[in-house]
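Student: Protein chains in written order, with the numbering used here: chain A, 2 to 178; chain B, 6 to 764. Built from N, CA and C at the ideal position, the CB exists for glycine as well. Bear in mind that the values here come from a model prediction, so they are computed numbers and not experimental data.
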């Protein structure tokens with residue numbers, strides 16, 4: 002038994018992990034037009050793949066995972082530039098369909114009553130009213146001036162840079178978060 | 006247009022969409038559903054409309070020139086909702102062509118889940134059956150979004166109604182209530198008198214010289230004795246006020262405590278009788294806070310503030326009355342700035358409330374940090390992160406201090422300004438009153454009394470200001486409490502329920518469809534016949550619907566469609582108490598109550614004799630370990646049974662089930678995560694327990710289901726395979742694959758453990 006222990010070597014993490022795919026060999030394409038497929042050149046193919054962000058909040062523009070039709074991860078691409086050029090627009094297209102975060106450009110009104118906040122905001126997607134419960138729990142700071150607010154339904158509203166808002170909006174925002 | 010289905014799924018079309026719909030359906034079709042999204046195809050906040058007719062599904066953008074996209078019902082392969090991040094999508098897949106994806110924000114999830122369900126029903130040529138109401142997301146009165154679904158709109162509290170309801174709890178003790186109110190009124194009346202007495206003292210006794218107009222001259226000895234009398238009178242008044250206050254306090258406290266006790270009992274009873282569904286989506290913490298925080302706030306109101314409403318109203322009316330009576334011109338003059346103060350007060354109050362909210366948020370964060378780092382102290386130490394945790398705590402604590410300081414500052418400024426304003430009022434009174442005195446229209450005593458009343462006036466005003474904000478919060482709590490009390494309890498009291506004193510245990514599932522969330526069925530049409538006394542093993546991946554099936558047997562939920570019969574009687578008609586009292590459960594993580602082992606074993610049969618308890622423990626293989634404990638059967642198990650090991654708890658819970666002697670037995674992972682010798686013992690105990698009862702057993706370790714009469718394999722809400730262990734193995738289907746995978750995994754783990762390669 003002692004002999005065996007000496008022989009034992011730790012398994013390197015990369016080896017144990019199934020995702021060792023060379024991103025240059027990944028080819029994303031649609032065939033027919035409504036089904037997204039992926040082929041790893043010279044290895045295997047998948048139909049109905051999905052592209053998701055590995056860390057949508059902190060790394061929205063890097064680290065994309067490709068999932069198969071059963072939502073099992075096939076591989077993760079660190080940077081879009083690693084993929085062959087013709088696959089890149091498809092990644093963008095997929096991501097745009099999957100994530101919805103409205104960027105708050107202006108806060109028209111913000112009322113705080115009994116721990117519930119009622120917002121009226123202008124966003125890059127149009128104006129919108131929403132309600133968030135106890136902002137302390139439902140706002141997430143993603144940097145010193147970047148904050149994400151989740152409303153009661155789980156919709157996401159982001160202020161990419163508080164300092165870039167007009168003063169009134171800043172004042173209103175700072176009164177609650 | 007056909008309004009067959011009524012409100013929730015027929016929304017009113019704007020003209021532009023109606024036009025486009027008309028263009029797309031020139032021959033007129035029966036509209037079955039028409040609902041708006043809140044996102045367009047490029048995910049901007051512009052609505053699109055989903056219109057489902059008897060022939061097709063149309064998607065119509067509200068703005069722009071684009072017409073309808075459509076898919077005939079006959080070509081729809083499937084309709085589903087896909088959850089995305091921050092949004093959702095209604096996905097219609099086509100039999101052989103591009104599908105249609107309709108995005109909507111998370112606010113409309115429930116609605117589109119039902120729409121997808123409806124389209125599925127239609128494409129399968131089933132009659133359309135949709136719920137008649139969606140969960141309430143907006144306030145009925147003001148249209149505001151509710152903070153919780155089916156919750157209370159903080160802005161539209163029915164204040165008066167709530168107040169009356171609270172009052173009703175107090176009014177249950179009428180004698181005490183009337184006495185208490187009488188005492189507060191007496192105290193308020195007496196409090197109104199002293200300025201008048203002072204007025205007399207000044208004008209009639211101390212300086213009769215210049216009040217000679219009204220009061221005749223008196224000799225100075227007389228004056229002294231009169232002064233003495235007046236002072237005595239003042240003292241008596243004070244003593245009386247004090248007495249009234251003491252009596253009031255002595256009565257109101259027990260009265261309030263009794264009333265709040267009654268309310269708590271009602272609330273607790275309501276909690277006990279509420280259906281499981283009520284508990285599904287609510288956090289235990291939030292519910293217990295209704296029991297504690299919400300009733301605490303009410304307690305303050307019921308023991309104190311409620312009665313002061315009367316005294317302060319009387320005080321306010323009395324003072325204003327006196328002021329007007331004494332000098333109405335001066336009064337109006339002085340009262341003029343009050344609306345201003347009130348207005349400023351509400352503005353400031355908003356800011357104060359803001360700080361208060363921030364403060365409680367920061368306080369919450371601080372205590373969460375404390376909680377977490379102490380619970381996780383082992384992890385903190387193992388990773389040597391003490392310093393980082395302390396730094397974080399420092400930051401939170403400083404944040405809290407800052408908010409506190411800023412809040413205090415605003416408050417302080419508000420009060421000094423208010424004081425200043427009130428003082429200015431008094432200065433005016435001094436000036437104008439003084440002029441009137443010099444003109445002989447007013448006496449000095451009257452002016453002094455006037456000024457005293459003026460100061461007194463601010464007391465009820467301030468009280469009402471505080472009370473208003475305070476009571477609003479308490480009322481929000483009260484509404485949450487009443488919401489629970491008013492919720493529909495389980496139908497224990499149903500008068501025409503069928504009594505089943507002894508259940509045989511014959512169960513029939515007739516195409517049972519059920520889901521916890523609308524539009525997401527967990528059981529998708531289960532047909533199953535279970536004979537009395539049969540043991541059924543339920544097998545399937547986690548989330549396949551095994552536990553849900555068991556929940557249906559216990560009637561924690563009723564099927565959405567289809568029905569469940571017990572001994573030939575529909576489950577919904579059976580007397581609930583009869584049913585539940587004959588069902589026994591042994592759980593993976595059994596829940597024991599804080600009490601002795603014996604009490605826990607006898608939970609389902611409180612009148613059991615000790616020898617019965619012991620026999621049950623023996624049958625459950627629990628007796629041995631129990632008698633080894635210093636206190637034996639009298640050992641207290643601690644909260645949730647924390648002082649017993651997992652295996653011990655499980656054996657106690659089996660003993661509990663044995664003593665309960667149920668006709669239907671449910672074993673939910675009853676033997677998982679135990680060491681092998683313990684499991685062997687428990688297996689033996691269970692084998693005894695199963696005898697002669699209808700049994701449903703869920704187990705992840707498939708080998709433990711060998712003794713089952715039949716195995717039922719559930720896959721994605723449907724019954725995939727039914728048969729004995731052997732039959733299913735021979736069939737080489739899902740069950741076979743599950744068994745193989747498990748064997749391989751076990752082998753893998755075993756091999757790795759002994760240091761061999763599996764290949």
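Compare the Cα-Cα distances from residue 469 of chain B to each of B:274, B:536, B:65 and B:322 and report the closest residue.
Tutor: It is B:322.
Student: Pick out whichever of A:48, A:170, A:120 and A:144 has its Cα sitting closest to the Cα of residue 153 of chain A.
Tutor: Comparing Cα-Cα distances from residue 153 of chain A to each of A:48, A:170, A:120 and A:144, the minimum goes to A:120.
Student: Three or more beta-carbon pairs under 8 Å between the stretch 590-599 of chain B and the stretch 636-646 of chain B, yes or no?
Tutor: Verdict: yes, contact present.
Student: To the nearest whole angstrom, what separates the beta carbons of residue 123 of chain B and residue 139 of chain B, a pair I think is in contact under 8 Å?
Tutor: About 13 Å; that fails the 8 Å criterion.
Student: Would you identify the three-state DSSP class for residue 47 of chain B, choosing helix, strand or coil?
Tutor: Correct three-state label for residue 47 of chain B: coil.
Student: Can you find the residues in the same chain that come closer than 7 Å, C-beta to C-beta, to residue 720 of chain B, ignoring five residues on each side of it along the sequence?
Tutor: Closer than 7 Å at Cβ, skipping near neighbours: 545, 549 and 739.
Student: Taking only the alpha-carbon atoms, compute the straight-line gap between residue 750 of chain B and residue 521 of chain B and give it to the nearest angstrom.
Tutor: Cα-Cα distance, rounded: 33 Å.
Student: Fully enclosed by the stretch 115-174 of chain A, which beta strand (DSSP E) runs are 3 residues long or longer?
Tutor: Counting whole runs of 3 or more residues, the stretch 115-174 of chain A contains the beta strand (DSSP E) stretches 117-124, 127-134, 140-142, 148-151 and 157-160.
Student: Using the beta-carbon count (16 or more within 10 Å), is residue 61 of chain B buried or exposed?
Tutor: By the 10 Å Cβ count, residue 61 of chain B comes out buried.
Student: Ends of the beta strand (DSSP E) at residue 179 of chain B?
Tutor: Looking at the DSSP string, residue 179 of chain B is not in any beta strand (DSSP E); the run it does join, the alpha helix (DSSP H), is 179-197.
Student: Among A:76, A:31, A:50 and A:55, which residue has its Cα nearest to the Cα of residue 25 of chain A?
Tutor: If we check each option's Cα against that of residue 25 of chain A, A:76 comes out closest.
Student: What does residue 646 of chain B reach in chain A if we use C-beta pairs closer than 7 Å?
Tutor: In chain order: nothing, as chain A lies at least about 32 Å away.
Student: Within its chain, find whatever has a CB closer than 8 Å to the CB of residue 196 of chain B; leave out the 5 residues flanking it on each side and keep chain order.
Tutor: Excluding positions up to five away in sequence, the list reads 246, 320 and 461.
Student: Against residue 48 of chain B, what residues of chain A qualify as contacts under a CB-to-CB distance less than 7 Å, listed in chain order?
Tutor: Ordered by position in chain A, the residues that pass the 7 Å Cβ test against residue 48 of chain B are 101 and 126.
Student: Show which residues of chain A have a CB atom less than 8 Å away from the CB atom of residue 110 of chain B.
Tutor: Neighbours of residue 110 of chain B on chain A, chain order: 101, 154 and 156.
Student: What residues of chain D sit near residue 35 of chain A, judged by a beta carbon separation below 9 Å?
Tutor: In the structure shown, chain D cannot be found, because the protein chains are A and B.
Student: Where does the unbroken beta strand (DSSP E) through residue 88 of chain B begin, and where does it stop?
Tutor: Where residue 88 of chain B is concerned, the enclosing beta strand (DSSP E) stretches over 81-88.
Student: Which residues of the stretch 318-330 of chain B have a Cβ closer than 9 Å to any Cβ of chain A? Give them in chain order.
Tutor: Listed in sequence order: no entries.
Student: In angstroms, rounded to a whole number, what distance separates the CA positions of residue 210 of chain B and residue 202 of chain B?
Tutor: Going by the C-alpha atoms only, they are around 11 Å apart.
Student: Taking buried to mean at least 16 other C-beta atoms within 10 Å of its own C-beta, is residue 628 of chain B buried or exposed?
Tutor: Buried, since its Cβ has 16 or more Cβ neighbours within 10 Å.
Student: Which residues of chain A have a Cβ atom closer than 7 Å to the Cβ of residue 486 of chain B, listed in chain order?
Tutor: Simply none; closest approach about 15 Å.
Student: Let me see if you follow: with CB-CB separation under 7 Å, is residue 57 of chain B close to chain A or not?
Tutor: No - not a single Cβ of chain A is within 7 Å of the one on residue 57 of chain B.
Student: Any beta-carbon of chain B closer than 7 Å to the one on residue 38 of chain A?
Tutor: Chain B, which has no Cβ nearer than 7 Å to the Cβ of residue 38 of chain A, makes this no.
Student: Mind pulling the chain A residues with CB within less than 7 Å of residue 51 of chain B?
Tutor: Residues of chain A passing the Cβ test: 127.
Student: Counting only Cβ pairs nearer than 8 Å, list the residues of chain A close to residue 149 of chain B.
Tutor: In chain order: 119 and 132.
Student: Short of 7 Å Cβ to Cβ, which residues in the stretch 430-447 of chain B face chain A?
Tutor: The residues in question: there are none.
Student: If you draw a straight line from the C-alpha of residue 25 of chain B to the C-alpha of residue 109 of chain B, how long is it?
Tutor: If you take the alpha carbons of residue 25 of chain B and residue 109 of chain B, they lie about 20 Å apart.
Student: Compute the Euclidean distance between the alpha carbons of residue 497 of chain B and residue 119 of chain B, then round it to the nearest angstrom.
Tutor: In a straight line, the C-alpha of residue 497 of chain B is about 30 Å away from that of residue 119 of chain B.
Student: Does residue 146 of chain B pass the burial test, meaning 16 or more other C-beta atoms within 10 Å, or should it be called exposed?
Tutor: Classification for residue 146 of chain B: exposed.
Student: Could you have a look at residue 625 of chain B and say whether DSSP puts it in helix, strand or coil?
Tutor: DSSP places residue 625 of chain B in coil when its eight states are reduced to three.
Student: Drop a sphere of 10 angstroms on the beta-carbon of residue 5 of chain B, count the other beta-carbons inside from all chains shown, and report buried for 16 or more, exposed for fewer.
Tutor: The displayed coordinates of chain B run from 6 to 764. Any statement about residue 5 of chain B would go beyond what the structure contains.
Student: Less than 7 Å between CB atoms is the rule here; does residue 176 of chain A satisfy it with respect to chain B?
Tutor: Answer yes: the Cβ-Cβ gap between residue 176 of chain A and chain B drops below 7 Å somewhere.
Student: Excluding five sequence neighbours on each side, which residues of the same chain lie with their C-beta closer than 8 Å to the C-beta of residue 85 of chain A?
Tutor: Excluding positions up to five away in sequence, the list reads 25, 27 and 28.
Student: If we ignore side chains and look at the alpha-carbon of each, how far apart do residue 494 of chain B and residue 101 of chain A end up?
Tutor: If I take the Cα positions, the gap works out to 40 Å.
Student: According to DSSP, is residue 484 of chain B helix, strand or coil?
Tutor: Helix at residue 484 of chain B.
Student: Output, in sequence order along the chain, the residues in the stretch 41-66 of chain A whose CB is closer than 9 Å to any CB in chain B.
Tutor: Against chain B - using a Cβ distance shorter than 9 Å - the residues of the stretch 41-66 of chain A are 53, 54 and 57.
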